[in-house]
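Enquirer:
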Amino acid sequence: MNAEFDSELRQDFLVEAGELLQRLGEQLVGLEAAPGDGELLNAVFRAFHTVKGGAGFLALEPMVLLCHHAEDLLNEARNGKVVLGAIHMDALLEALDLLNDMMAAVSAEAPLSMPPPALLESLLPGTRPAPVVASIATPAPSALPVADGGAIDDSEFDALLDSMYGSAAPGTVTPAPLPAVPVAAATIDDDEFEALLDALHGKTGQPVAPAAVAETAAPKPAAAPMAAHHAAPAENTVRVDTARLDVLVNHAGELVLVRNRLLSLAARNGSEALVAAANELDRVTDELQTAVMGMRMQPVGRLFQRFPRIVRDLARQLGKEVELVLEGEGTDLDRSLVEALADPLIHLLRNALDHGVEMPHERELAGKPRKGQVCLSASQRGERIVIAVHDDGRGMDPDILRRKAVEKGVIDAVQAARLSEGECYELIFRPGFSTAAAVSDISGRGVGMDVVKTRVAELGGTLRVHSRLGHGSELELTVPLTLAVLRVLMVRVDTRLLALPMCNVEEVFELDDDQDCLLDGRLVARHRGRALPLVNLVGWAGALAAAGRHVAVLHIGHQRLGCLVHEVLGREDVIVKPLGPLFDGVPGIAGATVTGDGRLALVMDLAGLASDAGQLSTSLQLTG
Amino acid sequence: MKILVVDDFSTMRRIVRNLLVELGFSNPLIQEADDGENALVLLRSQPFDLVVTDWNMPNMTGIDLLRAIRAEESLKGLPVLMVTAENNRDQIIAAAQAGVNGYIVKPFTAVTLKEKLTKIFERIAASGVSA
Numbered sequence: 001m002n003a004e005f006d007s008e009l010r011q012d013f014l015v016e017a018g019e020l021l022q023r024l025g026e027q028l029v030g031l032e033a034a035p036g037d038g039e040l041l042n043a044v045f046r047a048f049h050t051v052k053g054g055a056g057f058l059a060l061e062p063m064v065l066l067c068h069h070a071e072d073l074l075n076e077a078r079n080g081k082v083v084l085g086a087i088h089m090d091a092l093l094e095a096l097d098l099l100n101d102m103m104a105a106v107s108a109e110a111p112l113s114m115p116p117p118a119l120l121e122s123l124l125p126g127t128r129p130a131p132v133v134a135s136i137a138t139p140a141p142s143a144l145p146v147a148d149g150g151a152i153d154d155s156e157f158d159a160l161l162d163s164m165y166g167s168a169a170p171g172t173v174t175p176a177p178l179p180a181v182p183v184a185a186a187t188i189d190d191d192e193f194e195a196l197l198d199a200l201h202g203k204t205g206q207p208v209a210p211a212a213v214a215e216t217a218a219p220k221p222a223a224a225p226m227a228a229h230h231a232a233p234a235e236n237t238v239r240v241d242t243a244r245l246d247v248l249v250n251h252a253g254e255l256v257l258v259r260n261r262l263l264s265l266a267a268r269n270g271s272e273a274l275v276a277a278a279n280e281l282d283r284v285t286d287e288l289q290t291a292v293m294g295m296r297m298q299p300v301g302r303l304f305q306r307f308p309r310i311v312r313d314l315a316r317q318l319g320k321e322v323e324l325v326l327e328g329e330g331t332d333l334d335r336s337l338v339e340a341l342a343d344p345l346i347h348l349l350r351n352a353l354d355h356g357v358e359m360p361h362e363r364e365l366a367g368k369p370r371k372g373q374v375c376l377s378a379s380q381r382g383e384r385i386v387i388a389v390h391d392d393g394r395g396m397d398p399d400i401l402r403r404k405a406v407e408k409g410v411i412d413a414v415q416a417a418r419l420s421e422g423e424c425y426e427l428i429f430r431p432g433f434s435t436a437a438a439v440s441d442i443s444g445r446g447v448g449m450d451v452v453k454t455r456v457a458e459l460g461g462t463l464r465v466h467s468r469l470g471h472g473s474e475l476e477l478t479v480p481l482t483l484a485v486l487r488v489l490m491v492r493v494d495t496r497l498l499a500l501p502m503c504n505v506e507e508v509f510e511l512d513d514d515q516d517c518l519l520d521g522r523l524v525a526r527h528r529g530r531a532l533p534l535v536n537l538v539g540w541a542g543a544l545a546a547a548g549r550h551v552a553v554l555h556i557g558h559q560r561l562g563c564l565v566h567e568v569l570g571r572e573d574v575i576v577k578p579l580g581p582l583f584d585g586v587p588g589i590a591g592a593t594v595t596g597d598g599r600l601a602l603v604m605d606l607a608g609l610a611s612d613a614g615q616l617s618t619s620l621q622l623t624g
Numbered sequence: 001m002k003i004l005v006v007d008d009f010s011t012m013r014r015i016v017r018n019l020l021v022e023l024g025f026s027n028p029l030i031q032e033a034d035d036g037e038n039a040l041v042l043l044r045s046q047p048f049d050l051v052v053t054d055w056n057m058p059n060m061t062g063i064d065l066l067r068a069i070r071a072e073e074s075l076k077g078l079p080v081l082m083v084t085a086e087n088n089r090d091q092i093i094a095a096a097q098a099g100v101n102g103y104i105v106k107p108f109t110a111v112t113l114k115e116k117l118t119k120i121f122e123r124i125a126a127s128g129v130s131a
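Protein sequence lines correspond, in order, to chains A and B.
Using my numbering, you'd call the opening residue of the first sequence number 1 and step up by one each time.
Using my numbering, you'd call the opening residue of the second sequence number 1 and step up by one each time.
This is the structure we're talking about:
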């Protein structure tokens, strides 16, 4: 095989075997919980087996060796000769980790080192059973020429065929009953196989199905023979490089922009025919965009399947008993989000295990089952995906949170006293806040919940927390369905156009003359019986005019914020383009886009805006 | 020559396909199926001259596919080359009894594949019955 093919093959292998290994993590944890699940055992066996086969062709010897050991152990388990214990499961999981490391090395074209002998040792089924006689291992007639479970080689196989068929071919003649052919103990070679075929099928040329077939084979009847003849199941999936997919998404995105411009032109001064054509284009573009977006979607289960393993290891490390329940794995999510959410979710799970779920004896004292439950669920709500991490642990105590926050200097005592229960829970997202008295090596790796929250906000998402003391906590992460096209509310501030992400917009209203006032030196509006903090975007956008009287109510995480604007123009789907390195990191701006009439609009990053506005008044985040 | 390559691992189908092409078989005449059941549907819908199948597959394994082929009047003469991960004696004998024409152990090279195929077709030619 040539080098180019080899490299293509390696890519294929990395993708396909990678998927198998990823699933394997979940499967192994499942197998540990249900060692008697034969189907699962088979699936696990097959995964190691398949990876070994592929690795063999790529001459990845260490991988072959490791898979082979795992496969041997699993095969013994399949045959009921060994019961997989904790040591075996640990070894299998360790083997999986090492395989993943090896995959990374293959990807980096780095050389592989041999698996540590200790690991291979621990993959041995313990006391290996003595070689088993054929009556157990082979459901074959006792006249078999070869009776041990060892290897076979070519000449032996030939001899085997010869002994079965003479010189005829299988499938053409009835195989003769097997004579006792003397063969080497553990191997068979080609000649021997040929001999076996001869013996099975004799030297006569009667084209009959082998007798053994008639007796032993129970071929599945074709479910629908008629249909089967018509429907040849060719490959119905195609693997596409994600880069090519991204190009398609970009073009579809550009098309949306042109469509918007054309619609706007047609609406202003188009003939009836142009308007009709523009509307047609509008519809087709929508469909195309939906289809292209659909291609970027991946079930969130792909992300979830790595978690059972993580939870298992973590629970063990903490000495806790935890069951992870997954729900809504079929929920589709933008591909880029699937990867981007991995770290935040791992952190939330760690947090639930570390701070939420109690030690088994504590749970018993509290009248709960020893085994805690952490539920990870995904669901779609409109244009957004909600992923929740729920635990049935100890829950959070608002008073303790208040006290800790004051101790750590996150807020002062006066502020703490003013916090509502819900606001107390939000404290866990404050930088520098950690409820663990001693920073454990699990949740406390210098990464706090504030980092998780920031990361989620960067993805256009929000993070909320609910808790009930003694009953557990829930962290709810909400992200937009897709990152490629943003549905925005276009507003005008003085002469500038701003695009507010629609997912943050709650409502729009016009200020009455006496509706706004200054409270504690801060501009607020009375709205729906609450004080709504107002942000005057005029100054922020560098304009000089008087503040507008229209308010767009935005919710950003737990806070609500009213943006004062001059005009609300309407909804639009836009493609966000980065502003370039010069303006990178300007707080409150996510990028820019071209509007329907060809003007530039800044796309707001509302999480950034909120923190920017928050600096103006430290109480903003708490009173909002 | 029309060949059906059966394996649930697409990387492996690709490997076998490329080795066959390397041996001079026509690429467009090679078809693929991802398990025994789908292979059977294809085999019933059009004529093939050779099946190269993996042993270990979900839904319908290679050995079950082989048995189904041998049990079906229109397919029973079809040469079947079984791909296995190791040359396990019991397995090979079971395959031989089910009517396999040859077996090949992963990983293999084009040269080995050629040897195996040559043997299969020699035996078919010697038996005087066209497959």
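For each residue, glycine too, the CB sits at the ideal point set by N, CA and C.
Treat the numbers as computed from the prediction; the structure is a model and nothing was measured.
Once DSSP output is grouped into helix, strand and coil, what is the label at leucine 20 (chain B)?
Expert: Leucine 20 (chain B): helix per DSSP, three-state reduction.
Enquirer: Would you identify the three-state DSSP class for leucine 532 (chain A), choosing helix, strand or coil?
Expert: Of the three classes helix, strand and coil, the one that applies to leucine 532 (chain A) here is strand, per DSSP.
Enquirer: Here's a check: name, in chain order, each residue in its chain whose Cβ is nearer than 6 Å to the Cβ of leucine 459 (chain A), leaving out the five neighbours to either side.
Expert: Within the same chain, leucine 459 (chain A) has close Cβ partners Ala340 and Val479.
Enquirer: For the 8 Å Cβ check, are there 3 or more pairs between the stretch 74–87 of chain B and the stretch 103–115 of chain B?
Expert: Verdict: yes, contact present.
Enquirer: So glutamate 16 (chain A) contacts chain B; which residues on that side make the cut at Cβ distance below 7 Å?
Expert: What glutamate 16 (chain A) touches in chain B: Phe9, Ser10 and Thr11.
Enquirer: So, at 8 Å on beta carbons, what are the nonlocal neighbours of glycine 270 (chain A) in its own chain, with the 5 sequence-adjacent residues on each side left out?
Expert: Counting only Cβ-Cβ distances below 8 Å, and skipping sequence neighbours, we find Ala278.
Enquirer: Which residue's Cα is closest to the Cα of alanine 95 (chain B): B:Leu65, B:Ser45 and B:Ser74?
Expert: That would be B:Leu65, whose Cα lies nearest to the Cα of alanine 95 (chain B).
Enquirer: Find out if the Cβ-Cβ distance for the pair leucine 200 (chain A), leucine 96 (chain A) is shorter than 8 Å.
Expert: No, Cβ-Cβ distance for leucine 200 (chain A) and leucine 96 (chain A) is not below 8 Å.
Enquirer: Pick out whichever of A:Asp241, A:Val386, A:Asp198 and A:Ala55 has its Cα sitting closest to the Cα of leucine 333 (chain A).
Expert: Minimum Cα distance to leucine 333 (chain A) is reached at A:Val386.
Enquirer: Taking DSSP as the reference, what is the three-state secondary structure of aspartate 189 (chain A)?
Expert: In this structure, aspartate 189 (chain A) counts as coil in the three-state DSSP scheme.
Enquirer: Which value, in whole angstroms, describes the spacing of the CA atoms of threonine 204 (chain A) and leucine 31 (chain A)?
Expert: Confidence in threonine 204 (chain A) is poor, its pLDDT being 41 and thus under 50, which makes the residue's placement unreliable; the coordinate value appears in the next sentence. Between threonine 204 (chain A) and leucine 31 (chain A), the C-alpha separation is close to 51 Å.
Enquirer: Would DSSP call isoleucine 104 (chain B) helix, strand or coil?
Expert: Reduced to three states, the DSSP call for isoleucine 104 (chain B) is strand.
Enquirer: Following the continuous alpha helix (DSSP H) through glutamine 380 (chain A), name the residue where it begins and the one where it ends.
Expert: Looking at the DSSP string, glutamine 380 (chain A) is not in any alpha helix (DSSP H); the run it does join, the beta strand (DSSP E), is 372–381.
Enquirer: When you check each C-beta in the stretch 69–87 of chain B against every C-beta of chain A, which residues fall closer than 9 Å?
Expert: Those would be Ile69, Arg70, Ala71, Glu72, Glu73, Leu75, Lys76, Gly77, Leu78, Pro79, Val80, Val83, Ala85, Glu86 and Asn87, in chain order.
Enquirer: Identify which residue in A:Gly36, A:Cys375, A:Arg528 and A:Met490 has its Cα closest to the Cα of valine 322 (chain A).
Expert: Of A:Gly36, A:Cys375, A:Arg528 and A:Met490, the residue nearest in Cα terms is A:Cys375.
Enquirer: Please state if the CB of alanine 499 (chain A) and the CB of valine 488 (chain A) are separated by a distance shorter than 8 Å.
Expert: Yes. Within cutoff.
Enquirer: So, is threonine 11 (chain B) buried or exposed, given that buried needs 16 or more other C-beta atoms within 10 angstroms?
Expert: Its Cβ being crowded by 16 or more others within 10 Å, threonine 11 (chain B) is buried.
Enquirer: Expressed to the nearest angstrom, what Euclidean distance is found between the alpha-carbon atoms of leucine 65 (chain A) and alanine 151 (chain A)?
Expert: Near 17 Å, if we compare the C-alpha coordinates of alanine 151 (chain A) and leucine 65 (chain A).
Enquirer: Can you check DSSP and say which residues form a bridge with glutamate 706 (chain A)?
Expert: Within the shown structure, residues of chain A are numbered from 1 to 624, placing residue 706 (chain A) beyond reach of any answer.
Enquirer: Determine the contact status of valine 338 (chain A) and aspartate 391 (chain A), defining contact as a CB-CB distance below 8 Å.
Expert: Going by C-beta atoms, valine 338 (chain A) is not nearer than 8 Å to aspartate 391 (chain A).
Enquirer: Which residues in the same chain have their Cβ closer than 7 Å to the Cβ of alanine 601 (chain A), if we skip the five residues on either side of it in sequence?
Expert: Result list for alanine 601 (chain A): Met490, Leu497, Leu498, Ala499, Ala592, Thr593 and Thr595, in chain order.
Enquirer: Nearest chain A C-beta to isoleucine 15 (chain B) closer than 8 Å, yes or no?
Expert: Isoleucine 15 (chain B) counts as touching chain A.
Enquirer: Mind pulling the chain B residues with CB within less than 9 Å of histidine 69 (chain A)?
Expert: Within chain B, no residue comes near histidine 69 (chain A); the closest Cβ sits about 13 Å away, beyond 9 Å.
Enquirer: Flag glycine 54 (chain A) as yes if its beta-carbon sits less than 8 Å from any beta-carbon of chain D, otherwise no.
Expert: The chain inventory of the structure shown lacks chain D, comprising the protein chains A and B.
Enquirer: Just confirm the distance between the C-beta atoms of leucine 486 (chain A) and valine 603 (chain A), as a whole number of angstroms; I'd bet it's less than 8 Å.
Expert: Yes, they are in contact, since the Cβ atoms of leucine 486 (chain A) and valine 603 (chain A) sit about 7 Å apart, within 8 Å.
Enquirer: May I have the straight-line CA-CA distance separating serine 7 (chain A) from phenylalanine 13 (chain A), to the nearest angstrom?
Expert: Spanning the two alpha carbons is a distance of roughly 10 Å.
Enquirer: Quick check on leucine 9 (chain A) - is its C-beta less than 8 Å from some C-beta in chain B?
Expert: Answer yes: the Cβ-Cβ gap between leucine 9 (chain A) and chain B drops below 8 Å somewhere.
Enquirer: With a 10 Å radius around its C-beta and 16 neighbouring C-beta atoms as the bar for buried, classify alanine 546 (chain A) as buried or exposed.
Expert: Per the 10 Å Cβ criterion, exposed.
Enquirer: Closer than 6 Å by C-beta to cysteine 67 (chain A): which residues in its own chain qualify, once you throw out the five before and the five after it? Chain order, please.
Expert: Closer than 6 Å at Cβ, skipping near neighbours: Phe48, Val51 and Lys52.
Enquirer: Would you give the residue range spanned by the beta strand (DSSP E) that cysteine 563 (chain A) belongs to?
Expert: 559–565 is the span of the beta strand (DSSP E), which, as asked, contains cysteine 563 (chain A).
Enquirer: Would DSSP call aspartate 520 (chain A) helix, strand or coil?
Expert: Coil.
Enquirer: Can the beta-carbon of valine 410 (chain A) be found closer than 8 Å to that of phenylalanine 433 (chain A)?
Expert: Their beta carbons are under 8 Å apart, which means valine 410 (chain A) touches phenylalanine 433 (chain A) by this criterion.
Enquirer: Could you tell me whether the stretch 107–117 of chain A touches the stretch 35–47 of chain A, where touching means 3 or more Cβ pairs closer than 8 Å?
Expert: The stretch 107–117 of chain A is not in contact with the stretch 35–47 of chain A.
Enquirer: Any beta-carbon of chain A closer than 8 Å to the one on proline 47 (chain B)?
Expert: False, the Cβ-Cβ gap to chain A never drops below 8 Å.
Enquirer: Does chain B have any CB closer than 8 Å to the CB of arginine 46 (chain A)?
Expert: With 8 Å as the cut-off, arginine 46 (chain A) counts as an interface residue toward chain B.
Enquirer: Below 7 Å between beta carbons is the criterion; list the residues of the stretch 304–315 of chain A that meet it against any residue of chain B, in chain order.
Expert: Listed by position, the residues of the stretch 304–315 of chain A near chain B (Cβ gap below 7 Å) amount to none.
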